[in-house]
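Colleague:
Chains as they are written, first to last, in this note's numbering: chain A, 3 to 419; chain B, 4 to 94; chain C, 300 to 1292; chain D, 7 to 214.
1) Give a yes or no on whether 8 angstroms exceeds the smallest Cβ distance from residue 18 of chain B to chain D.
2) Sort out for me which residues DSSP pairs residue 33 of chain A with in a bridge.
3) Helix, strand or coil for residue 86 of chain D, going by three-state DSSP, please let me know.
4) What are the start and end residues of each continuous beta strand (DSSP E) run of 3 or more residues lying completely inside the region 944-1020 of chain C, in chain order?
5) Please report how far the alpha carbon of residue 198 of chain A lies from the alpha carbon of residue 58 of chain A, in whole angstroms.
6) Is the distance from the Cβ of residue 169 of chain D to the Cβ of residue 189 of chain D below 8 angstroms?
7) Assuming contact is defined by CB atoms lying nearer than 8 angstroms, are residue 641 of chain C and residue 795 of chain C in contact in what I supplied?
8) Span of the beta strand (DSSP E) holding residue 123 of chain A?
9) Do residue 565 of chain C and residue 291 of chain A have their CB atoms nearer than 8 angstroms?
10) At a cut of 8 angstroms, does the region 307-319 of chain C reach the region 365-373 of chain C through at least three beta carbon pairs?
11) Which runs of the beta strand (DSSP E), 3 residues or longer, sit entirely within the region 28-68 of chain B?
12) Measure how close the beta-carbons of residue 1168 of chain C and residue 1154 of chain C come, nearest whole angstrom, since I'm counting them as under 8 angstroms.
13) Scan the region 551-562 of chain C for residues whose Cβ lies nearer than 9 angstroms to a Cβ of chain B and list them as they occur along the chain.
14) I'd like to know whether the C-beta atoms of residue 33 of chain D and residue 204 of chain D end up nearer to each other than 8 angstroms.
15) Counting beta carbon pairs with one atom in the region 838-848 of chain C and one in the region 814-826 of chain C, are three or more of them shorter than 8 angstroms?
16) In angstroms, rounded to a whole number, what distance separates the CA positions of residue 300 of chain C and residue 807 of chain C?
17) By the three-class DSSP mapping on this structure, what secondary structure does residue 203 of chain D have?
18) Give a yes or no on contact between the region 956-968 of chain C and the region 1036-1051 of chain C, applying the rule of three or more CB pairs nearer than 8 angstroms.
19) Under the rule that 16 or more other beta-carbon atoms within 10 Å means buried, what is residue 929 of chain C, buried or exposed?
20) Would you list the residues sitting across from residue 331 of chain C in a DSSP beta bridge?
21) First and last residue of the alpha helix (DSSP H) that includes residue 671 of chain C?
22) Counting only Cβ-Cβ distances shorter than 9 angstroms, please list the residues of the region 30-59 of chain B near chain C, keeping chain order.
23) Is the CB of residue 879 of chain C under 8 angstroms away from at least one CB in chain A?
24) How long is the line joining the alpha carbons of residue 185 of chain A and residue 394 of chain A, rounded to whole angstroms?
25) Shortest alpha-carbon distance to residue 28 of chain B belongs to which of B:46, B:13 and B:64?
26) Would you mind reading off the limits of the beta strand (DSSP E) that contains residue 179 of chain D?
27) With a threshold of 8 angstroms between beta-carbons, can residue 392 of chain A be considered close to chain C, or not?
28) Using a Cβ-Cβ cutoff of less than 8 angstroms, which residues in the same chain neighbour residue 262 of chain A once the five nearest sequence positions on both sides are dropped?
29) Quick check on the DSSP output: what are the complete beta strand (DSSP E) runs of length 3 or more inside the region 122-201 of chain A, in order along the chain?
30) Would you mind working out which of C:1259, C:572, C:899 and C:750 sits nearest residue 1205 of chain C, comparing C-alpha positions?
31) Given this structure, state the Cα-to-Cα distance separating residue 95 of chain D from residue 14 of chain D, to the nearest angstrom.
32) Measuring straight from C-alpha to C-alpha, what distance separates residue 688 of chain C and residue 401 of chain C?
33) Taking contact to mean at least 3 C-beta pairs separated by less than 8 angstroms, is the region 389-405 of chain C in contact with the region 643-655 of chain C?
34) With a threshold of 8 angstroms between beta carbons, is residue 54 of chain D in contact with chain B?
35) Decide if residue 332 of chain C is buried, meaning its Cβ has at least 16 other Cβ atoms within 10 Å, or exposed.
36) State the Cα-Cα distance for the pair residue 119 of chain A and residue 172 of chain A, rounded to the nearest angstrom.
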């Protein structure tokens, strides 16, 4: 069913009784060409690209709960491609270009809003680091601007310029960055993939892999029975280690909790997305009016999907230090997502040592913005058995080779990325 | 979260820093690259009870081995690191 | 002039009639009394229309009398203190209070955006996902700005918050949420047991439902029992009653978050006081006695102003002596709703009718009705006729299928009660369904927490007291307190006799979530479109996502979803409950940490002296460091810095370098220990000598550098970079305690013990001779390059002297105990006066290190190897050390790595900038020829041109090559020459001489 | 030859303004900086904790604390600072690193911290209430008795905290050793926290 203002108006005349399910409620078949574990944004995007770009339509997406119940539905909705290292730069820009056409591709309004992403700097050293990164972006054909304090005062007069412990000196701006409505991304991919024949199977938890002897994966065991598969792709960030362990794999990944917060809805206050360079705080305002904000991970391994007060306080301290007018705005809700923190802060998209099993993992904080790009390159890998060129460095063996992609330079300590 | 430091008693989370899984043991000098790669990069990433290295940097500066459930954050044991304090360790 | 309180009873209530208060709502002046909330004062003044809803801008009144309020939201206060979305039902009235309705324009009565209601047939749940897609550019340009302006609720202040906040810790055996009968009983039992108790009450008066509902406890009227109980609690020194305090969250290890509204009941906080305080309460046990929330029944027109929860109506009448209606009707499906009738009658109001959805009504109620002349209708309310000014007529579907109409000026609604299961569910506990009360009750509460009373589904007064007392006693006992609890208070239990009713079919919009305008038909639509999971339902319709977090709407929403999807309510399940229980000001979470106090500030020992000299300070981590020392007539920083560098290179200067991390490494195995943490060897360092050391992380990349001196056989003095001081200490302790516990070594940070100064320049020795005791031999032989030892200074002070150089000049670093730091700076000025001594800041320090090709922060980026930095030869092959093995991985020893190299502009007049990229000359910049970047630059007064360091692919093999510096961000492109990174005195003669 | 003055300056020298601060009236909190003291960190060498404790007893008259306590001898306070380590706090010049070096010889490593810390004594009717804003430790009289000590953090700053003997009027006294370079910052935080109770500020040149 095609969505448009006209179909909406027609539906209104009949009291909206004729709308179909946004995606079919599929039951598992015996066998699929490709089974994707994980009905989050990445898994569903992968399925849609397999069907739409690579002609593989006999695809199932298995979701243990409801689609979008993992990090796709609990992030801070930011999209950007302001990375500085080879591997990340091209990949996230590929993803950004796919964001820019997502609604038209999917016939679903995921509210991609290119309101700008601004990283603030507070010292010469930070400015230099952003200059390096911004130049990398420009060299890769990505928009980037370096703003000085005067420009910021004009653009964001409410920042704390006069009484700040670490006064804002400027910022790196990517105007094409912004936000998207996270749930709608999930539903949009589900809608479009389902229209192309992909089976989206909810409440279907993978409990094991079916192996051909000790080698090739030929399917999965699930809470809804055995499902055969030509290939199996994992897109279960947050649970990657647990699912990989079923295939006997240990990964260079730790699970950490990242909290996020939303305030009560208020009239428009903050224009784009901004990150505080001298504390752990970033913020945007949703279309509904809530300030959506967050900071650092809590810093210890966790699968609990909830955080603790110290980081919550730390984030709010950052918020108040940067934007002192938000003191009386009330924090409405806090939640936690489980991050696949990799050993260099960058993702892994690769074949695994187990034949037939493919891995899409290690997204750290970068998962949401990567959604379309991740789906595209993972579909490419599954369809062609070779990495897409923009994902060629996201290899699983890069740590053995010493070819880390470490934007923060923190090394093999996931809680610092 | 509160961690009961075996030296100081129960203390607030923000006095501690986290390093990670305490199970991997630093390989001997001649163990080879594969063993060190495993030590530095691979993790069991336990969903459940896990022994972890924590540092009481905001307190007595002891490194601790904390047994904690990563699903519930419940802490079941805290032990000092082998070299915390002046405890004798066989050479 | 205040308008009269037309809806105020002449007597009764817990208001202080001797303390009248004036306030303004939407510019109009009203009066109320001390003890009122804004809502009760508005009720007393007959104000029905208070706000507008989120989407359709429907006129809304007051639905509840507590923190569950979805509708009566106002902008409280003005200017910098404006608080959007403040619940009138919880805002205490104070003299001069200013409130304004929100989400309306130009006025509350005439809101242009109420035109949205005309589009309601299109503006159904999730309509925006189906449209606004073409043309793509219109989203950011047209659709989204319009949506954003229409959405949101109140306006936040647009000025810095002028009030202060702080945070505090509290410790107790038992923390209790709620001071209603269950909470008070729990506090009594725990307090008598000898437990340390904290009782948090979000209201400004303790008592909970006792304040509105009365009752008899231990044979006393509730008010008397309350007074007696509060007095008993007040007599216990370790029982603390915290009113205006909401326990909002439970965190790990028995830590609870609470927010105390210390001074929100005043126009502005008194001087030196905070507006609000965030409490971190550490408790062994927690009793949740937060009560229950009465739930609406969903029917057409249920959002009309003056359709009110039955319990709220009796709260306004009984507690505030304010009458929402003179002749209300009641719509109930349970016995409890009838209490509102009793309260109203007792206050002299008339009852229009009672519409009871149950099949039967007790004889007592029947006689009450006939005595007071109202009818009892068996059926359901199917519609409300009314508007901005409240209810006029109520349509009733009678049980037999007939219809009736009731004329009334208000409607009290009781659909039953939902225990407040938030706190017990924040650790992902899922509440369980109880059929007998048709409600979810707590299950899977966090460790140490138990619910009691109405929060646990025990609604009767007697049951609340019983459960509360028992919970308090058990909690105290679990916390190790075993005193005599005495007898539990007793009271009888009222019947509930509820027949579930969630939704009455009818014409017109029937609201489930009133604030977000989610209707029953929206839920049906969501089900139709496959958003059946409760989390999908919530996200698709925004049910329960408003400022009240669905306190009055969630369960009804689930029930309607269950009905349309043919499942039971427990099968349908609940969404995940998330803290905070009530919205909490961001400022409170920040507390004192804002503005200049955001983070601690570290001052160097010579800070005040430097300030006297007019130094410009720079933030370096937490430190304030002197960046340069401007002199009169200097036009910019560059001129000052250039002067400072020249002064050092030609004479002598000094710089406070106390910010370096300093660590005493003691013990017989100190040398062996350092051999393992540095890539080079320290065990063979001679006592009295210093050596430069480089540390790797275990992954083989460079971690930190610094000089380490051997002061005694078993004592080394190690320095770190300023940035890594704390982290290196932690790392070394890890090595000592975890990795190498067999080594006998002790570590102590002495960063704050020593004031350390770098003294550099050809006249350094001349200066030192002035200040060091003449007996000390400072000659090249007596104190050679990299010498380190204790010396006496004139005046008897002992110092540590290190002959090390960061600037490349003849230089020493000298340490004195920190309280002499300021005197040291002054004395250096005195001693150096004959030689033109010049204090220099971090900028000049940086210039000289770049001239000398020393790596620093920008090169120690965490992604460089020792070899990248030209320090590969330092790696010992004779020992194991942290990072040795991983440093040998193929990609880390690849020949095409980006390595440190010097750069000079081909055009000597050209300024360089860090962050420019290096592209081979003649090529068009692109990802495939991006060969590196400029890490550090400076204007070198010595070379009279800009110079820099860069990390460039195969850089050291390409010295002499002209490459392109590409800086599109700043619109600059120019040629630079790759060169030796040591620009100044490459053979090191000056520092050795 | 130039004349050098080696004036000792406390890090709080300028930040501390003696007199009243905050709300007027009876001060709820008294803050006193103590300026001239010697502070030596003593850390046992491997397996030598027992010998170290004995040496302390012999030299200072009290055994070194082996738990978070502060113990008083005739001329020094021994404050636990971590496992098998403690501080010796004494009047300026009384027990210095040099004089203690002999005592502990090969049993312990010594490190002079006399200039690395600032010592602030906090008392008054509202001292506990005020400290609850800074310290996550339970300072209830039952939980933190006279002689209790803690290596802990206040407002993200590492401190050593111990409870001294009560004042003659029965008021508790809390002593805080804070790193010198953080001292001004913590001082301002303390003032900010205490202002609502009224503060009496002073300093003392000597350890009482």
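Note that CB positions come from ideal geometry on N, CA and C, so glycine has one too.
Note that the structure is a prediction, hence the values are computed from the model and not measured.
Modeller: Working from what's here:
1) Closer than 8 angstroms to some Cβ of chain D, the Cβ of residue 18 of chain B qualifies, so yes.
2) Listed as beta-bridge partners of residue 33 of chain A by DSSP are A:230.
3) Residue 86 of chain D falls in the strand class under three-state DSSP.
4) Counting whole runs of 3 or more residues, the region 944-1020 of chain C contains the beta strand (DSSP E) stretches 952-955, 960-965, 989-995, 1001-1011 and 1014-1019.
5) Cα to Cα, residue 198 of chain A sits roughly 10 angstroms from residue 58 of chain A.
6) By the CB criterion at 8 angstroms, residue 169 of chain D and residue 189 of chain D fall outside the cutoff.
7) No, the pair does not count as a contact, with Cβ atoms beyond the cut-off.
8) Counting along the chain, the beta strand (DSSP E) containing residue 123 of chain A begins and ends at 119-123.
9) Result no, Cβ atoms of residue 565 of chain C and residue 291 of chain A do not sit closer than 8 angstroms.
10) Touching, no, given that fewer than three Cβ pairs across the two stretches are closer than 8 angstroms.
11) Here the runs fully enclosed are 52-58.
12) The pair is a contact, with the Cβ atoms about 5 angstroms apart (cut-off 8 angstroms).
13) Taking 9 angstroms as the Cβ-Cβ cut-off, the region 551-562 of chain C approaches chain B at 551, 552, 553 and 554, given in chain order.
14) Going by C-beta atoms, residue 33 of chain D is nearer than 8 angstroms to residue 204 of chain D.
15) With a cut-off of 8 angstroms, the region 838-848 of chain C and the region 814-826 of chain C count as touching, because enough Cβ pairs lie within range.
16) Reliability fails at residue 300 of chain C, whose pLDDT of 39 lies under 50, so the model's placement of it is uncertain and the value that follows must be treated cautiously. Distance between the alpha carbons of residue 300 of chain C and residue 807 of chain C: 41 angstroms.
17) The answer is helix: DSSP assigns residue 203 of chain D an H, G or I state.
18) The region 956-968 of chain C vs the region 1036-1051 of chain C: in contact.
19) By the neighbour-count rule (16 or more Cβ atoms within 10 Å), residue 929 of chain C is buried.
20) DSSP, once it has assigned bridges, lists C:320 as partnering residue 331 of chain C.
21) Per DSSP, the continuous alpha helix (DSSP H) segment holding residue 671 of chain C begins and ends at 662-671.
22) Those residues of the region 30-59 of chain B that come within reach of chain C (Cβ to Cβ, closer than 9 angstroms) are 30, 31, 32, 33, 34, 35, 36, 38, 39, 40, 42, 43, 44, 56 and 58.
23) Closer than 8 angstroms: yes.
24) Their backbone Cα atoms lie some 29 angstroms apart in a straight line.
25) Put simply, of B:46, B:13 and B:64 the residue whose alpha carbon is nearest the alpha carbon of residue 28 of chain B is B:46.
26) 179-185 is the extent of the beta strand (DSSP E) around residue 179 of chain D.
27) By this cut-off, residue 392 of chain A is not an interface position.
28) If we look at residue 262 of chain A and ignore the five residues flanking it on each side, its Cβ neighbours are 76, 77, 78, 294, 295, 296, 336, 337, 338 and 339.
29) Whole beta strand (DSSP E) segments, 3+ residues: 147-150 and 172-176.
30) When each option's Cα is compared against that of residue 1205 of chain C, the closest is C:1259.
31) In a straight line, the C-alpha of residue 95 of chain D is about 18 angstroms away from that of residue 14 of chain D.
32) Approximately 17 angstroms, taken between the alpha carbons.
33) Segments in contact, no.
34) It does; some Cβ of chain B falls within 8 angstroms.
35) Buried.
36) Rounded to the nearest angstrom, the two C-alpha atoms are 13 angstroms apart.
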